[in-house]
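Novice: Chains as they are written, first to last, in the UniProt record's numbering: chain G, 1 to 137; chain A, 1 to 137.
Glycine residues also receive a C-beta, built at the ideal position from the N, C-alpha and C atoms.
Next up is a structure, given as structure tokens.
There are 2 protein chains.
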Amino acid sequence: MNIGTASRQSRLPVKTIRYYEEIGLVRPLRGDNGYREFSQADLERLKFLQRSRSLGFSIEECRDLLSLYEDTNRASADVKAITCQKIQEVDRKIAELKSLKRVLLEMVEACHGDDRPDCPIMDDLSGRERTHGGKQH
Amino acid sequence: MNIGTASRQSRLPVKTIRYYEEIGLVRPLRGDNGYREFSQADLERLKFLQRSRSLGFSIEECRDLLSLYEDTNRASADVKAITCQKIQEVDRKIAELKSLKRVLLEMVEACHGDDRPDCPIMDDLSGRERTHGGKQH
DNA sequence: TCTTGACCTTCCAGTGACTGGAGACCCTAA
DNA sequence: TTAGGGTCTCCAGTCACTGGAAGGTCAAGA
């Protein structure tokens, strides 16, 4: 199948597929006209990449996962380890974003938000101390 | 003050400060030796940038915030609006990561994680259907 | 005075993971 | 024959830095 078909079936943009070929994640054959020819196995790889990328694995992690995927002697423990690591990463990111949100919320709650130029958010951003007189959480 | 001092006081890497000058976020004077000379106002800008970047505002948002920061006639409502938008963005990201985590956790829970090559995580990544026979949440 | 080492300069290239566009070739149907 | 898509390569841009090379400057110590 051509790249367009592969793109629709894998839900990866054409450009992305070409890029994946460039970095060696997939190696379709070429027809006489120079067009890429994707086999069913190529399509499987693309689908695998689509799914693992959308689950937050980096390209290099995907490369590792792919080689495990194609290693029929792999231990499932190896895959599980990578996945557990990823979960911890995701947890870390969530925590970061939550504390970020807390700060932003505090700023917004302290701001009267009208036409006056004085603004506690600005004070916060500029590093000035703000008295925590208002609501406490 | 020189760039090194500005770097320590703003907690921004030297390289980053030079980059910020390149894109016009800060315009330090130059001494006879060609060294950048940061005024107290420049330092304030840098600190402002450090804080707002670390709160997840993009460079362009920082540029907007900076001009509001220096506009003594600004309305605090404008600042509040930008910040509220940012909170929504953060919320969206948190939700995404949470659903990501849910999927990853399901995968891990289904995986026996031993020396055997069969691995439900791999099945999942490759798009194969997995029977939801195990624990339900 | 000389040297050492820290600090500063510019410029260029690389990161990750694509994305956009130009210009050209190929294929199919009307 | 023509029109329209699809495909090709190559180059450049994105975002926000980061690293490194090659060289100029400065202050302290021998």
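Along chain G, which residues have their Cβ under 9 Å away from the Cβ of Gly-127(A)?
Specialist: Neighbours of Gly-127(A) on chain G, chain order: Glu-44, Lys-47, Phe-48, Gln-50, Arg-51.
Novice: For Leu-43(G), name the three-state secondary structure that DSSP assigns.
Specialist: Leu-43(G): helix per DSSP, three-state reduction.
Novice: I'd like to confirm the pairing. Which residues does DSSP put opposite Arg-30(A) in its beta bridges?
Specialist: DSSP, once it has assigned bridges, lists Arg-36(A) as partnering Arg-30(A).
Novice: At what residues does the alpha helix (DSSP H) containing Gly-24(G) begin and finish?
Specialist: From DSSP, Gly-24(G) is part of no alpha helix (DSSP H); its letter is neither H nor E.
Novice: Do the region 110-120 of chain A and the region 68-88 of chain G meet, that is, are 3 or more Cβ pairs less than 8 Å apart?
Specialist: With the cut-off at 8 Å, the region 110-120 of chain A and the region 68-88 of chain G touch.
Novice: Under a CB-based cut-off of 9 Å, is Lys-101(G) close to chain A?
Specialist: Cβ-Cβ to chain A under 9 Å: yes for Lys-101(G).
Novice: Which residue's Cα is closest to the Cα of Glu-106(G): Thr-16(G), Ile-94(G), Asp-123(G)?
Specialist: When each option's Cα is compared against that of Glu-106(G), the closest is Asp-123(G).
Novice: Since Ile-94(A) and Lys-98(G) should fall inside the 8 Å C-beta cutoff, what is the C-beta to C-beta distance between them, to a whole number of angstroms?
Specialist: Right, the Cβ-Cβ distance comes to about 7 Å (below 8 Å), so this counts as a contact.
Novice: Given Leu-25(A), which residues of its chain have a CB within under 8 Å of its CB, disregarding the five upstream and five downstream residues?
Specialist: For Leu-25(A), where only same-chain residues beyond five positions count, the Cβ hits under 8 Å are Arg-45, Leu-49, Ile-59, Cys-62, Arg-63, Leu-66.
Novice: For a test of the three-state rule: what should DSSP assign to Phe-48(A), helix, strand or coil?
Specialist: Helix.
Novice: Measure from the C-beta of Lys-135(G) to each C-beta in chain A and report whether the shortest distance is under 9 Å.
Specialist: Confidence at Lys-135(G) is low in this model, with a pLDDT of 37, below 50, so the placement of that residue is unreliable and no value is reported for it.
Novice: For Ala-75(G), name the three-state secondary structure that DSSP assigns.
Specialist: Coil at Ala-75(G), not helix or strand.
Novice: How about Glu-21(A) and Pro-13(A): do their beta carbons lie closer than 9 Å?
Specialist: It is not a contact, given that the beta carbons lie outside the stated cut-off.
Novice: Run through chain A and tell me which residues come within less than 9 Å of Asn-73(G), C-beta to C-beta.
Specialist: Within 9 Å Cβ-Cβ: Pro-117.
Novice: What would DSSP say about Ser-54(G), mapped onto helix, strand or coil?
Specialist: Note: Ser-54(G) maps to helix in three-state DSSP.
Novice: Consult DSSP for Cys-119(G) and reduce its assignment to one of helix, strand or coil.
Specialist: Coil at Cys-119(G), not helix or strand.
Novice: I want to verify the contact list: residues of chain A whose CB lies under 8 Å from the CB of Tyr-69(G), in sequence order.
Specialist: Those within 8 Å of Tyr-69(G) in chain A are Met-122, Leu-125, Ser-126.
Novice: Could you pull out every residue in the same chain whose Cβ sits closer than 6 Å to the Cβ of Arg-11(A), ignoring the five residues on either side in sequence?
Specialist: If we look at Arg-11(A) and ignore the five residues flanking it on each side, its Cβ neighbours are Gln-50.
Novice: Looking only at its own chain, which residues have a Cβ that is under 8 Å from the Cβ of Ala-41(G), when we skip the five neighbours before and after it?
Specialist: Hits under 8 Å: none found.
Novice: Out of Gln-88(A), Asp-32(A), Ser-54(A), point me to the one whose CA is closest to Leu-125(G)'s CA.
Specialist: Ranking the options by Cα distance to Leu-125(G), first place goes to Ser-54(A).
Novice: Between Ala-41(A) and chain G, is there a C-beta pair that is closer than 9 Å?
Specialist: So no, Ala-41(A) is outside the interface.
Novice: Under three-state DSSP, which class holds Ser-126(A)?
Specialist: Of the three classes helix, strand and coil, the one that applies to Ser-126(A) here is coil, per DSSP.
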